[in-house]
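Colleague:
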Amino acid sequence: MTPGGWFLNLFKWKQDEMLDERFVMHRFKSTRLAVLVGLLLLLAFFTYDAVENDIIRWDLLAVSAAMAVVKVCAMIYYQRTN
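Residue numbers (the working numbering): -10 to 71.
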């Protein structure tokens, strides 16, 4: 089996066929959802530590702020270029 073959077989895609744009859009949407859920969980852990343990975890805050800034910058970029 070729590299990635089991993954592509999961979605019934043959390697000699053209890649369907729906496959790319589903992958994009699932990645976007995963990043959003990750950001929300990161903020939840930050809030939990701040409220329950009176500890401000600056590393969690920095990561969540970086994710939010990149998301907003990408949204602005894509709106201006389209």
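We put the beta carbon where it would ideally sit given N, CA and C, even for glycine.
1) What's the gap between the Cα of residue -10 and the Cα of residue 70?
2) Roughly how many angstroms lie between the CA atoms of residue 20 and residue 35, to the nearest whole one?
3) Return the CA-CA distance between residue 43 and residue 37, expressed in angstroms with no decimal places.
4) Can you name the start and end residues of the alpha helix (DSSP H) that residue 65 belongs to?
5) Alpha carbon to alpha carbon, what distance is there between residue 10 and residue 54?
Modeller: Concretely, from the data shown:
1) What you label residue -10 is simply residue 1 of the sequence shown in a count that begins at 1. What you label residue 70 is simply residue 81 of the sequence shown in a count that begins at 1. Only weak support is given to the placement of residue -10: the predicted model assigns it a pLDDT of 49, under 50, and the value that follows is read from those uncertain coordinates. Using only the alpha carbons, I get a separation of about 40 angstroms.
2) Looking up residue 20 in the sequence shown gives position 31. Looking up residue 35 in the sequence shown gives position 46. Near 23 angstroms, if we compare the C-alpha coordinates of residue 35 and residue 20.
3) Counted from its first residue, the sequence shown places residue 43 at position 54. Counted from its first residue, the sequence shown places residue 37 at position 48. One C-alpha to the other measures close to 9 angstroms.
4) Taking the sequence shown and counting its residues from 1, the one referred to as residue 65 is at position 76. First-last of the alpha helix (DSSP H) with residue 65: 47 to 70.
5) Against the sequence shown, residue 54 aligns to sequence position 65. Against the sequence shown, residue 10 aligns to sequence position 21. Answer to the nearest angstrom: the Cα atoms are 32 angstroms apart.
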